[in-house]
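One structure below.
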Amino acid sequence: MNNGTKLFFLLTVLSGLFMLSCTPDEDVTPKQNFFPESDPYNTGNWVLIEEISDEFEADQLDEDKWLIQGRDGEYKSNFIGRAPSQFSTENVRLEDGKLKIDTRWDPDFDFSDEIQEYGNGTSYSYENITTAAVISKNYFRYGYMEIKCKAADVSVSNAFWMTGPGAELDVFEFIGNPKQEHKVHLETEQKFTIHDWSPGQNGAAVWSDTVQLDWRVAGGYHTYGCEWNPEYLKFYADGELIKTVLKEDLGDAWVLDDILWIWVDAETFPWHGLPVESDLPADFEIEYIRVWEND
Numbered sequence: 066m067n068n069g070t071k072l073f074f075l076l077t078v079l080s081g082l083f084m085l086s087c088t089p090d091e092d093v094t095p096k097q098n099f100f101p102e103s104d105p106y107n108t109g110n111w112v113l114i115e116e117i118s119d120e121f122e123a124d125q126l127d128e129d130k131w132l133i134q135g136r137d138g139e140y141k142s143n144f145i146g147r148a149p150s151q152f153s154t155e156n157v158r159l160e161d162g163k164l165k166i167d168t169r170w171d172p173d174f175d176f177s178d179e180i181q182e183y184g185n186g187t188s189y190s191y192e193n194i195t196t197a198a199v200i201s202k203n204y205f206r207y208g209y210m211e212i213k214c215k216a217a218d219v220s221v222s223n224a225f226w227m228t229g230p231g232a233e234l235d236v237f238e239f240i241g242n243p244k245q246e247h248k249v250h251l252e253t254e255q256k257f258t259i260h261d262w263s264p265g266q267n268g269a270a271v272w273s274d275t276v277q278l279d280w281r282v283a284g285g286y287h288t289y290g291c292e293w294n295p296e297y298l299k300f301y302a303d304g305e306l307i308k309t310v311l312k313e314d315l316g317d318a319w320v321l322d323d324i325l326w327i328w329v330d331a332e333t334f335p336w337h338g339l340p341v342e343s344d345l346p347a348d349f350e351i352e353y354i355r356v357w358e359n360d
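Read in order, the letters of the sequence shown are residues 66 to 360 in the numbering used here.
Following this line, the structure appears as structure tokens:
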């Protein structure tokens, strides 16, 4: 056997051993690390909480991880939707690597007979419009939450929010295309709110603020993040800090020290105008939801 033949034989053996070591069940591709867009080098030592995070790249929504509001008659917080719209389990799908929450004109839906009162003598029955809500089945306490999404280009609210014992945090409630012309500023507005749901408070807004963004929220995909720790909330848009609120400034109005669940949903907000049949269907499109924790 000459030297060339020996070398060929040795390379063949080594190649075969390598192939045997990589069984079909092994994934030799390194797992991609995701960090908050505001902290791409992970100076905050963030660790992804996979039980509450999702890239939505499967064929169907992972219902071990997410509750579709109304599935098997289960309505978290007894919330069936904001009249005149009502949540439907049919309005949730995964498509093109995105979670899509649909607002539809659906007058034949089996609507609730309830009447929802909005104050000032205004009330609405549930009729004509269906929407949807998706809620995490797992919770977290403090961390960084981020969503990449595009709001529906109609007069409905698309929201990224959290609820827990006695508290609610709204990272945004977007109105992609308000019907009322004097509210066109809502197309570029991000509104943040803390609600107090402790006994006797009835969800009172204890802090709220707004920021005008540099884009229409229904005009394209952008990231929206929130860092929540025992001392403050920091809100981000496309990785840039846009708002900070300190616990010490809120005093007793700070109600965010317990666990939270994540919600994404679509709702009608009648006071901003309602979509008509020709406006629908329209999708709230979500590329991912990611939640991190650190020490």
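C-beta atoms are modelled at their ideal positions from N, C-alpha and C, and glycine is treated no differently.
The beta carbon of Pro172 sits closer than 6 Å to the beta carbons of Asn193 from its chain, once the five residues preceding and following it are set aside; these are given in chain order. Look at Lys202 here: in three-state DSSP terms it is coil, with no helix or strand label.
When secondary structure is reduced to three states using DSSP, Val310 falls in the strand class. With respect to Gly231, Val320 sits close: the two C-beta atoms are nearer than 8 Å. 8 Å or more divides the Cβ of Ile354 from the Cβ of Phe205. Rounded to the nearest whole angstrom, the C-alpha separation of Gly284 and Ala216 is 8 Å. The DSSP-derived three-state label of Thr108 is coil. The beta carbons of Asn156 and Thr196 sit about 6 Å from each other, so the pair counts as a contact at 8 Å. Distance from the CA atom of Leu234 to the CA atom of Asp124, rounded to whole angstroms, is 30 Å. Rounded to the nearest angstrom, the gap between the Cα atoms of Arg281 and Gln255 is 10 Å. Runs of the alpha helix (DSSP H) spanning 4 or more residues and lying entirely within the segment 270-340 occur at 312-315, in chain order. If you draw a straight line from the Cα of Asn110 to the Cα of Ile145, it is about 38 Å long.
If the five residues before and after Gly338 are omitted, its C-beta is found closer than 7 Å to the C-beta atoms of Ser220, Pro243, Lys244 and Gln245, all from its own chain and listed in chain order. Around Lys141, the same chain offers Ile200 as residues with beta carbons nearer than 6 Å, after the five sequence neighbours per side are excluded. Looking at the DSSP output, Gln255 shares a beta bridge with Val276. With three or more CB-CB distances shorter than 8 Å, the segment 326-341 counts as touching the segment 164-180.
According to the DSSP secondary-structure assignment, Arg355 is paired through a beta bridge with Glu211.
Trp131 is positioned such that its CB atom lies closer than 8 Å to that of Lys202. Within 10 angstroms of the beta-carbon of Asp348 lie 16 or more other beta-carbons, which makes it buried. For Arg136, no beta strand (DSSP E) segment is defined, and its DSSP state is neither H nor E. Rounded to whole angstroms, Lys165 and Glu352 show a C-alpha spacing of 9 Å. In this structure, Gly135 sits near Thr154, with a CB-CB distance shorter than 8 Å. Within a 10 Å sphere around the beta-carbon of Tyr209 sit 16 or more other beta-carbons, which makes this residue buried. Our two residues, Phe100 and Asp175, have alpha carbons roughly 43 Å apart in a direct line.
Relative to Ser177, the option among Leu126, Ile117 and Ser150 whose CA is nearest is Ser150. In the three-state scheme derived from DSSP, where H, G and I count as helix and E and B as strand, Val157 is classed as strand. Between Leu325 and Thr228, the C-beta spacing is below 8 Å.
Bounds of the beta strand (DSSP E) holding Arg169 are Lys163 to Trp170.
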